[in-house]
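Protein chains in written order, with the UniProt record's numbering: chain A, 1 to 232; chain B, 1 to 232.
Presented below is the structure to which this report refers.
Protein chains: 2
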Amino acid sequence: MSYKLYYWTGLQGRGEFVRLCLEDVGADYTDVARIEGDDVMTPFLDGEHQGAVPYAPPFLTSGRLVIAQVANILQYLGPRHGLVPEGEAKRLHAHQLELTISDLVAEVHDTHHPVASELYYEDQKAEAKKRSKDFRENRIPKFLDYFEKTIERGGGRFPLREHSYVDLSLFQVMSGLAYAFPKAMAKQKLPLLRDLQKRVADRPNISAYLSSERRIPFNTTGIFRHYPELDG
Amino acid sequence: MSYKLYYWTGLQGRGEFVRLCLEDVGADYTDVARIEGDDVMTPFLDGEHQGAVPYAPPFLTSGRLVIAQVANILQYLGPRHGLVPEGEAKRLHAHQLELTISDLVAEVHDTHHPVASELYYEDQKAEAKKRSKDFRENRIPKFLDYFEKTIERGGGRFPLREHSYVDLSLFQVMSGLAYAFPKAMAKQKLPLLRDLQKRVADRPNISAYLSSERRIPFNTTGIFRHYPELDG
Numbered sequence: 001m002s003y004k005l006y007y008w009t010g011l012q013g014r015g016e017f018v019r020l021c022l023e024d025v026g027a028d029y030t031d032v033a034r035i036e037g038d039d040v041m042t043p044f045l046d047g048e049h050q051g052a053v054p055y056a057p058p059f060l061t062s063g064r065l066v067i068a069q070v071a072n073i074l075q076y077l078g079p080r081h082g083l084v085p086e087g088e089a090k091r092l093h094a095h096q097l098e099l100t101i102s103d104l105v106a107e108v109h110d111t112h113h114p115v116a117s118e119l120y121y122e123d124q125k126a127e128a129k130k131r132s133k134d135f136r137e138n139r140i141p142k143f144l145d146y147f148e149k150t151i152e153r154g155g156g157r158f159p160l161r162e163h164s165y166v167d168l169s170l171f172q173v174m175s176g177l178a179y180a181f182p183k184a185m186a187k188q189k190l191p192l193l194r195d196l197q198k199r200v201a202d203r204p205n206i207s208a209y210l211s212s213e214r215r216i217p218f219n220t221t222g223i224f225r226h227y228p229e230l231d232g
Numbered sequence: 001m002s003y004k005l006y007y008w009t010g011l012q013g014r015g016e017f018v019r020l021c022l023e024d025v026g027a028d029y030t031d032v033a034r035i036e037g038d039d040v041m042t043p044f045l046d047g048e049h050q051g052a053v054p055y056a057p058p059f060l061t062s063g064r065l066v067i068a069q070v071a072n073i074l075q076y077l078g079p080r081h082g083l084v085p086e087g088e089a090k091r092l093h094a095h096q097l098e099l100t101i102s103d104l105v106a107e108v109h110d111t112h113h114p115v116a117s118e119l120y121y122e123d124q125k126a127e128a129k130k131r132s133k134d135f136r137e138n139r140i141p142k143f144l145d146y147f148e149k150t151i152e153r154g155g156g157r158f159p160l161r162e163h164s165y166v167d168l169s170l171f172q173v174m175s176g177l178a179y180a181f182p183k184a185m186a187k188q189k190l191p192l193l194r195d196l197q198k199r200v201a202d203r204p205n206i207s208a209y210l211s212s213e214r215r216i217p218f219n220t221t222g223i224f225r226h227y228p229e230l231d232g
């Protein structure tokens with residue numbers, strides 16, 4: 001099966017959660033906009049293709065399917081590539097965790113855009129400082145302690161007792177938060193999450209991906225942005 | 001199958017999207033916290049039960065399963081109660097639409113809490129006014145035009161050509177936005193969404209539910225809140 005991934009060029013953003021899955025399993029995929037440009041996505045967003053119309057990138061095509069929303073894409077890929085355990089209970093659990101990661105990612109976005117996605121960061125900097133303070137002091141600990149406890153409950157190595165797409169997303173969250181909020185993250189203990197992050201980075205396909213040109217560096221156009229004034 | 005729904009008492013909130021499904025299909029369910037109080041949820045959130053630990057309410061138990069996250073719950077209920085069409089493509093599409101509704105609902109929450117969930121509305125009113133202005137002018141039209149076009153593409157009556165849980169959630173979104181932002185919503189045309197909203201309200205089980213005491217009125221403790229100063 002050959003996949004086509006569609007996401008904005010020049011940033012990791014939400015597309016990165018999908019890329020990490022595709023790379024981890026060595027899937028045959030094309031990162032289409034990086035070859036053809038962002039305009040290639042417009043006909044999909046304008047409903048000029050068969051199938052579902054995405055509200056926004058990322059979206060993945062697989063044969064005639066058009067699949068949008070990160071957690072939906074991962075839920076689709078998981079069983080096809082051994083990235084989620086067998087059984088209804090485990091799959092519902094995996095998806096629940098992924099949706100909680102999506103909630104966290106949306107909150108990360110709003111640390112630098114608390115007023116309006118359409119405005120520049122510079123035009124909402126005062127509000128961003130307030131929101132980031134709350135995010136650092138309350139939201140990072142609440143979300144990450146929850147995932148730390150989930151790993152503990154899963155036996156100490158994985159949230160779901162074995163490797164899954166949730167590991168890859170938690171790797172991305174931990175890496176992104178460490179880039180965006182290095183001072184705040186240095187205060188967090190999280191031994192199980194940090195160990196998971198390291199083990200994911202060491203997976204052969206992920207390690208090769210991270211040192212390739214396919215891995216776009218973190219930068220201040222993505223979801224995770226490093227603005228020192230937001231890190232306290 | 002008898003379900004137990006767990007959600008904060010006194011507000012519709014995110015729990016309402018689950019209630020509408022359970023009511024529409026006439027499922028046997030208990031709205032547990034409304035009988036036993038909010039503390040009944042604590043052991044689940046503290047991980048003292050078997051199964052998945054929710055990050056937050058709502059969650060549903062079905063036999064030994066503990067299912068959290070609204071879209072995950074609806075995806076579980078859909079095939080069991082004829083609330084989603086058959087086939088992988090349709091189910092991925094339904095879930096994608098539901099996840100986009102979840103994104104919209106999170107943005108509605110942030111119109112009154114743009115700085116911190118933990119702070120009172122009164123302590124973030126200035127920021128709420130700014131965020132609500134953008135929400136009214138940019139986000140409401142963008143999201144609702146997308147759903148209007150989805151119904152149009154689906155033949156004019158349903159986003160998925162037949163009744164599904166997405167209809168119920170769009171009913172709730174349209175009702176909630178009309179309560180919270182009556183002036184802004186009066187400016188929107190959206191004939192297909194308004195027709196869908198009316199047809200959902202007229203479904204026998206939904207109609208009976210809406211006029212029962214089980215339907216908590218909209219109020220300023222839920223997701224959709226009417227603060228006149230945020231409606232322009």
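Quick reminder that beta carbons are idealized off the backbone N, C-alpha and C, glycines included.
Return yes when the Cβ of residue j is within less than 8 Å of the Cβ of residue i, no when it is not.
| i | j | result |
| --- | --- | --- |
| Ile101(A) | Gly176(A) | no |
| Leu144(A) | Gln96(A) | no |
| Pro114(A) | Ala128(A) | yes |
| His82(B) | Leu65(B) | Correcting the residue identity first, residue 82(B) is Gly in this sequence and not His. Not a contact, by the Cβ cut-off of 8 Å. |
| Tyr209(B) | Glu23(B) | yes |
| Phe44(A) | Tyr6(A) | yes |
| Ala126(B) | Ala106(A) | no |
| Leu104(A) | Val173(A) | yes |
Let's test the definition: count the other Cβ atoms within 10 Å of the Cβ of residue i and tell me whether it reaches 16, buried, or not, exposed.
| i | result |
| --- | --- |
| Tyr76(A) | buried |
| Ile151(A) | buried |
| Ala186(A) | exposed |
| Arg80(B) | exposed |
| Ser164(A) | buried |
| Ala184(B) | buried |
| Glu98(B) | buried |
Roughly how many angstroms separate the alpha carbons of residue i and residue j, rounded to a whole number?
| i | j | result |
| --- | --- | --- |
| Pro217(A) | Gly37(A) | 19 Å |
| Tyr179(B) | Ala56(A) | 27 Å |
| Arg153(B) | Pro85(B) | 16 Å |
| Glu137(A) | Arg34(A) | 37 Å |
| Leu74(A) | Cys21(A) | 8 Å |
| Val166(A) | Asn72(A) | 13 Å |
| Ala116(A) | Gly63(B) | 43 Å |
| Glu211(B) | Gly78(B) | Just to set this straight, residue 211(B) is Ser in the shown sequence, not Glu. If I take the Cα positions, the gap works out to 24 Å. |
| Asp46(B) | Pro191(A) | 20 Å |
| residue 249(A) | Tyr227(B) | Residue 249(A) lies beyond the residue range present for chain A, which begins at 1 and ends at 232; the question has no answer from this structure. |
| Thr9(A) | Thr42(B) | 44 Å |
| Arg91(B) | Arg203(B) | 22 Å |
| Thr61(A) | Ala89(B) | 11 Å |
| Gly87(B) | Lys149(A) | 36 Å |
Spatial neighbours of residue i within its chain, please: C-beta separation below 8 Å, excluding the five flanking residues on both sides.
| i | result |
| --- | --- |
| Leu170(A) | Ile101, Phe147, Pro159, Leu193, Leu196, Gln197 and Val200 |
| Arg161(A) | Pro85, Gly154 and Gly155 |
| Pro182(B) | His226 and Asp231 |
| Arg214(A) | Arg19, Glu23 and Asp31 |
| Lys130(B) | Pro114 |
Which bits of chain B does residue i rub up against, with CB to CB less than 9 Å?
| i | result |
| --- | --- |
| Thr61(A) | By Cβ distance, chain B contributes nothing, its closest Cβ being about 12 Å from Thr61(A), past 9 Å. |
| Val115(A) | Pro114, Glu127, Lys130, Arg131, Lys133 and Asp134 |
| Ala180(A) | Result: empty, since nearest Cβ-Cβ is about 18 Å, beyond 9 Å. |
Note down, in chain order, every chain A residue with its Cβ under 8 Å from the Cβ of residue i.
| i | result |
| --- | --- |
| Arg153(B) | Gly47 and Val53 |
| residue 245(B) | Any question about residue 245(B) goes unanswered here, given that chain B covers just 1 to 232. |
| Ala106(B) | Asp103 and Ala106 |
Can you pull the chain A residues whose beta carbon is under 9 Å from the beta carbon of residue i, in chain order?
| i | result |
| --- | --- |
| Tyr29(B) | The contacting residues do not exist; Tyr29(B) stays about 18 Å from chain A at best. |
| Gln197(B) | Per Cβ cutoff of 9 Å: no residues; Gln197(B) is ~20 Å from chain A at best. |
| Asn138(B) | Ala116, Ser117 and Glu118 |
| Asp123(B) | Going along chain A, no residue has its Cβ under 9 Å from Asp123(B), so there is no contact; the nearest lies around 10 Å. |
| Tyr6(B) | Neighbours of Tyr6(B) on chain A: none; closest Cβ ~14 Å, over 9 Å. |
Give the interface partners of residue i over in chain B, defined as CB-CB distance under 8 Å, in chain order.
| i | result |
| --- | --- |
| Leu65(A) | Glu88, Ala89 and Leu92 |
| Asp24(A) | Within 8 Å Cβ-Cβ: nothing; Asp24(A) doesn't reach chain B, min ~21 Å. |
Identify, in the order they occur along the chain, each residue of the same chain with its Cβ nearer than 6 Å to the Cβ of residue i, setting aside the five sequence neighbours on each side.
| i | result |
| --- | --- |
| Ala68(B) | Pro54 and Phe59 |
| Ser132(B) | Thr111 and Leu230 |
| Phe135(A) | Thr111 |
| Tyr121(B) | His112 |
| His109(B) | Ile223 |
By the criterion of Cβ-Cβ separation under 7 Å, what are the contact partners of residue i in chain C?
| i | result |
| --- | --- |
| Leu99(A) | Annotation note: the requested chain C is absent from the structure, which comprises protein chains A and B. |
Near residue i, what residues of its chain come up, given a Cβ to Cβ distance below 7 Å and the 5 sequence neighbours on each side ignored?
| i | result |
| --- | --- |
| Leu11(A) | Ile216, Asn219, Thr221 and Gly222 |
| Val70(A) | Arg14, Phe17, Val18, Pro58 and Ser102 |
| Asn205(A) | Glu23, Asp24 and Gly26 |
What does residue i touch in chain B if you count any residue whose Cβ is under 7 Å from its own?
| i | result |
| --- | --- |
| Asp202(A) | By Cβ distance, chain B contributes nothing, its closest Cβ being about 28 Å from Asp202(A), past 7 Å. |
| Tyr165(A) | Residues of chain B passing the Cβ test: none, with the nearest at roughly 15 Å. |
| His95(A) | Asn72 |
| Tyr146(A) | Tyr55 |
| Asp231(A) | Residues of chain B passing the Cβ test: none, with the nearest at roughly 17 Å. |
Which residues in chain A sit within 7 Å of residue i, going by Cβ to Cβ distance?
| i | result |
| --- | --- |
| Tyr76(B) | Leu92 |
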